[in-house]
Every structure is written in C-alpha cells, then in structure tokens.
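Chemist: Submitted below is the structure of interest, expressed as structure tokens.
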Amino acid sequence: MDDGLQSMESDAAIAWLRQVSPYFRNHRGRVFVVYLDSDAVLDPGFGERMRDLVLLAAVGIRLVIVFSATDQVNARLEERSIQLKRVGDAQVIDADCMREIRDVVGGQRLALESAFSFSSRGGPVASSPSRIVSGNFVRARSAGVIDGVDVGFFGVLRSIDKAAIGARLERDEVVLLAPIGFSPTGELFSLKPLDLAVEVATQIDAAKLVMISRTAGITGLDGTMLRQLTTDDARHLHEAGTNDQLEKTLLEHAIQACEKGVERVHVIGSQRDGAILRELFTRDGVGTMLSTTPFDLIRAAGTDDIAAIFDLVAPLQEQGVLLERSREQLDEEIDRFFVIERERTVVACGALHPYANHRTAEIACVAVHHDYRGSSFGDALLDSLERRATEAGLDSVFVLTTQASQWFNERGYQAGTIAQLPIEKRELYNYQRNSAVLVKTLREPA
39 MDDGLQSMES DAAIAWLRQV SPYFRNHRGR VFVVYLDSDA VLDPGFGERM
89 RDLVLLAAVG IRLVIVFSAT DQVNARLEER SIQLKRVGDA QVIDADCMRE
139 IRDVVGGQRL ALESAFSFSS RGGPVASSPS RIVSGNFVRA RSAGVIDGVD
189 VGFFGVLRSI DKAAIGARLE RDEVVLLAPI GFSPTGELFS LKPLDLAVEV
239 ATQIDAAKLV MISRTAGITG LDGTMLRQLT TDDARHLHEA GTNDQLEKTL
289 LEHAIQACEK GVERVHVIGS QRDGAILREL FTRDGVGTML STTPFDLIRA
339 AGTDDIAAIF DLVAPLQEQG VLLERSREQL DEEIDRFFVI ERERTVVACG
389 ALHPYANHRT AEIACVAVHH DYRGSSFGDA LLDSLERRAT EAGLDSVFVL
439 TTQASQWFNE RGYQAGTIAQ LPIEKRELYN YQRNSAVLVK TLREPA
C-alpha cells in the first residue's frame, strides 16, 4: 500500500477515535433498552445489526433488547387462515391463535439468540464473547373483557422482575425480552412490544430507549427530518398529526418514555448500515432524538471543563484570533465561562467579564468547535451571555476582536472607541493587537 494512503487512513482512524472516545466513556456502564421492530428483524442487514449490538455490549453498555414479531405473526396467521378480531386497541386472541403466536415468537427468540451468539464469537470481542439471556422476567395477565368482549390471551403487563434483570446486567449479560408475559399459573399472554419496551426502560431506569424500525426518524409537518425534539415539541407535533401511522405510534411511545423518566429516546431506521452506532457515537446522529430537556445545554463552566475549553480555544489562539490564555489562566477565570454541551461534549464556550461600576461587561473568548462553525451555536451562546448581562442589571456589553467584526456587526454591535472601555480594561488594552472595540446597548441607562 502507498505510504501516503496508509498515512491518510491512519490519520482518519486517529480522528475517528478522538471523536468517539468521549462517547465510550459516557455510555460505559449505562443501561440502554433497544427495541427491534419486525422490520428490523426481517431486514437483510439483520446480521450486521446484531454485530453492532455486540459492539455496544463490548464497550460496556448494558443492553436489554425487546423485539417485535408482529409481521411474522400476521404472516403465520394468514397462512393458517386465522383472522384476528379487534376491540379498540386490543386484539381478541383465543387458545389456537395464542399457540401460533407462541411458536412464532419462540422461533424469533431463538433466531435472535443464535445471531447474537454468532456475531459475538466472530465479531469484535471474539476472545470474550458476550452472553445473551432470556427468561420469565415479565409477568402479565389477560386484559379481560373490553366492551363486552373477552379478549382471551391478549395481555397487559403486571410486573417486571427488575432485580433479576439487574443481576444479569451486572454480570455483563445482554437480556432479551420477547413480547410475551407469564402468569403465576404458567399461562402465556401476548403483549404489545412497544408498550413493553417503554415499561421496561422506565422501570429499570434506562438512560436511553432506542427504537429501530423501518422509519429513519420523525419528520416534521413540512416533511423534513427532525434531529432533536423536546417532549413539548413532540407533543405539539403529535397533536398536529402526522401522515405516517408508524411515526405517530413511535412518537407517542417516545413521549411516554421521556415523561416516565427515560433521559433520551432515539428513533432510527433499520435499513441504514451502522445506524445505531452512528446515532450513539456521533454528535448529530442519523435519526431523531427526544429528550425532556433541550439537546444542547448552555450552562456555567466548571473546573472539569478546562481541558475541553482549552482544546476549543487553542487553535484560534495559534491563529491570533483569540488572545492567548494558559490553562492556569483558564482555571483562574473559569467562573466567568459558559459552555454549550452536546451529548456531554463541550462544543462551544464564551466568557462574560462584568464591570459593575461601569454597568457593562466584556464578552470574550467565544469559540465554537470546528465541526459546528456556521451553525447556530455562536448565536445561541452570544444570546445567552447578553441575557445574563441584562439580568445582572448591566446596560451594555462590549467585545475586542481582530477578525470577527463583521459577525458582531450583524448581531447589533457598533464600532466603539478605547475611551469607552472601563478604565481597568483600558489600561490592559494591547495596542500591538489593535483589536476593534465593538459595543452593544442592552437597554438605555436609567
């Protein structure tokens, strides 16, 4: 292989490892529930998907997999000329129908266990294969009589054996749950797999619920893919209605999971290779993520953020865009800094230095990760800093810049003079850098 090509591949691998390493650290030891729709199981790329799940287990993520066999059950019932009756959202399942469901679901469970075991032994952890286990972790009962109709073996969840599941996860085993619940007397009841996934994620305090189906994500009313949604936004979208019934169902269950305490819910497609890895180990993902809080968190910086801030500002300092600050200086000034965090990774920073006696503040050291320049992060950070200055009772803010005058001009900053600076700042002004002074009035002085 050509040395230049080898070097390029090596550089790409190093860049990739640097990008994903924070996610390995953040995800390790956390519990994720993965829901596999019927389409995800039937898809030709199913084997690759299982290898991806093995990789998640290999990096220390604790997995519970809930699978659906709805399409496979419907196909079997059609072969047997068995028609399911419905009562509202429930199905009427008699003993003959339940036997067919049991056989299909049992076959799917064995196929999943086999595929996982094969992927584990031949995949990224061949020296220490992951174990996948299933069992009677889910208790259920009949839904009873609905609108005067006995629905038979159509079940509702009674309880989940959280202790047993937790013990398996503690042993680094992957737990596989079928859409079947057991009664204390040994009867089997058919459960709605999405309902089961939501309840399991809620009751075992999962950090994430990942829903994999044929849809690539949730689309807005204009048909564009939505990458992030708060639960409030998701409710509005759900109320407005969507043309796709599957998306509507996934959105409804995602909202339920978030409202019941799951930190984040991801909706991703089954047809894209490596979708779950791209969703969990890249900043922007490939599907839709729901969260009770905004995806991008603006917060006050702490000492744990110093290294990340230094990495953001160092390239701009080398280019002369920002005034040089050492790690020690950042440590001394850290209580003045604010950051934007995406997926627990700092992607932007800025500082607010108030001069209360002059009723003004300096906005300094604004930096955005190179992957997100040209996005809205700079605007969001600047707006947050200005709002904090206003809340502190200040009348104006100012910046000193050598190369970003136009950007600040477009956001309401006007050319100022050195004489307008607070005297403390004026005495420190670096005439060699010859930075432009830009001022923005936040409110008229009283």
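Under our numbering, the first residue of the sequence shown is numbered 39, with each subsequent residue one higher. C-beta: ideal position from N, C-alpha, C; glycine also.
(1) Looking at glycine 219 and leucine 195, is the spacing between their C-beta atoms short of 8 Å?
(2) What is the DSSP secondary structure of serine 251, reduced to helix, strand or coil?
(3) Expressed to the nearest angstrom, what Euclidean distance is found between the alpha-carbon atoms of valine 97 and alanine 244?
(4) Taking the beta carbon of arginine 337 as the centre, do at least 16 other beta carbons fall within 10 Å, making it buried, or is it exposed?
(5) Which runs of the beta strand (DSSP E) spanning at least 3 residues fall entirely within the segment 406-472, listed in chain order?
(6) Just to confirm the assignment, what range does the alpha helix (DSSP H) spanning lysine 200 have?
(7) Output the distance between the C-alpha atoms of leucine 207 and valine 213, rounded to the nearest integer angstrom.
(8) So what's threonine 262 in DSSP terms, helix, strand or just coil?
(9) Give me the Cα-Cα distance between alanine 418 and serine 329, rounded to the nearest whole angstrom.
(10) Alpha carbons only, please: which of Ile250, Ser76, Tyr410 and Gly450 is nearest the one belonging to valine 435?
(11) From what residue to what residue does the alpha helix (DSSP H) around alanine 292 run?
(12) Check whether the Cβ atoms of phenylalanine 191 and isoleucine 131 sit closer than 8 Å, and answer yes or no.
(13) Where does proline 222 sit, in a helix, a strand or coil, going by DSSP?
(14) What are the boundary residues of the alpha helix (DSSP H) that includes glutamate 370?
(15) Just the Cα atoms here: how many angstroms apart are leucine 318 and isoleucine 170?
(16) Please state whether DSSP places glycine 190 in a helix, a strand or coil.
(17) Quick check on this structure: which residue in Cys387, Asp369 and Ala153 has the alpha carbon closest to the alpha carbon of valine 377?
(18) Entirely within the segment 109-172 and at least 3 residues each: give me those beta strand (DSSP E) ranges in chain order.
(19) Buried or exposed, going by whether 16 or more other CB atoms sit within 10 Å of the CB of glutamine 146?
(20) Quick check on the DSSP output: the alpha helix (DSSP H) that includes proline 353 runs from which residue to which?
(21) Compare the beta carbon distance of alanine 405 and valine 351 with 8 Å and say whether it is the shorter of the two.
(22) Whose C-alpha, out of Leu423, Cys296, Ser180 and Thr455, is nearest the C-alpha of alanine 473?
(23) Output the distance between the C-alpha atoms of alanine 272 and leucine 289, rounded to the nearest integer angstrom.
(24) If you scan the segment 304-337 from start to end, which runs of the beta strand (DSSP E) of 3 or more residues do you find wholly inside it?
(25) Using 8 Å for Cβ pairs, my map puts alanine 149 next to leucine 229. What's the rounded Cβ distance?
(26) Report the CB separation of glutamate 462 from tyrosine 410 in whole angstroms; it is logged as a contact under 8 Å.
(27) Mapping the DSSP letters down to three states, classify valine 392 as helix, strand or coil.
(28) What's the call for arginine 89, buried or exposed, on a 16-neighbour Cβ count within 10 Å?
(29) Looking at the secondary structure, which residues open and close the alpha helix (DSSP H) in which serine 76 lies?
Modeler: Considering the structure as presented:
(1) Yes, the pair counts as a contact, with Cβ atoms nearer than the cut-off.
(2) Collapsing the DSSP output to three states places serine 251 in a strand.
(3) Pairing valine 97 with alanine 244, the inter-Cα distance amounts to about 17 Å.
(4) Exposed: under 16 other Cβ atoms inside 10 Å.
(5) 434-439, all fully within the segment 406-472.
(6) Unbroken alpha helix (DSSP H) run through lysine 200: 200-208.
(7) Whole-angstrom Cα-Cα distance: 7 Å.
(8) It is coil, neither helix nor strand.
(9) For alanine 418 and serine 329, the gap between their C-alpha atoms comes out near 19 Å.
(10) The shortest C-alpha separation from valine 435 is found at Gly450.
(11) Where alanine 292 is concerned, the enclosing alpha helix (DSSP H) stretches over 283-297.
(12) In this structure, phenylalanine 191 lies near isoleucine 131, with their beta-carbon atoms less than 8 Å apart.
(13) Correct three-state label for proline 222: coil.
(14) Note, glutamate 370: alpha helix (DSSP H), 365-371.
(15) Straight across, the Cα-Cα distance linking leucine 318 with isoleucine 170 is about 21 Å.
(16) Here DSSP, grouped into helix, strand and coil, assigns glycine 190 to strand.
(17) Looking from the CA of valine 377, the closest CA among Cys387, Asp369 and Ala153 belongs to Cys387.
(18) Taken in chain order, the whole beta strand (DSSP E) runs of length 3 or more contained in the segment 109-172 are 123-125, 128-130 and 169-171.
(19) The residue is buried, with at least 16 neighbouring Cβ atoms inside 10 Å.
(20) Residues 344-356.
(21) Taking the C-beta atoms as reference points, valine 351 is found nearer than 8 Å to alanine 405.
(22) It should be noted that the sequence gives serine, not alanine, for residue 473. Checking every option, the nearest Cα to that of serine 473 belongs to Thr455.
(23) Rounded to whole angstroms, alanine 272 to leucine 289 spans 7 Å at the Cα level.
(24) Fully enclosed beta strand (DSSP E) runs of 3 or longer: 326-329.
(25) Contact between alanine 149 and leucine 229 is absent: CB atoms are separated by about 19 Å, not below the 8 Å threshold.
(26) The Cβ separation is near 33 Å, so there is no contact.
(27) Rather than valine, the amino acid found at residue 392 in this sequence is proline. Residue state, collapsed to three classes: strand.
(28) A buried status is given to arginine 89, since no fewer than 16 other beta-carbon atoms sit within 10 Å of its beta-carbon.
(29) Per DSSP, serine 76 belongs to the alpha helix (DSSP H) from 76-80.
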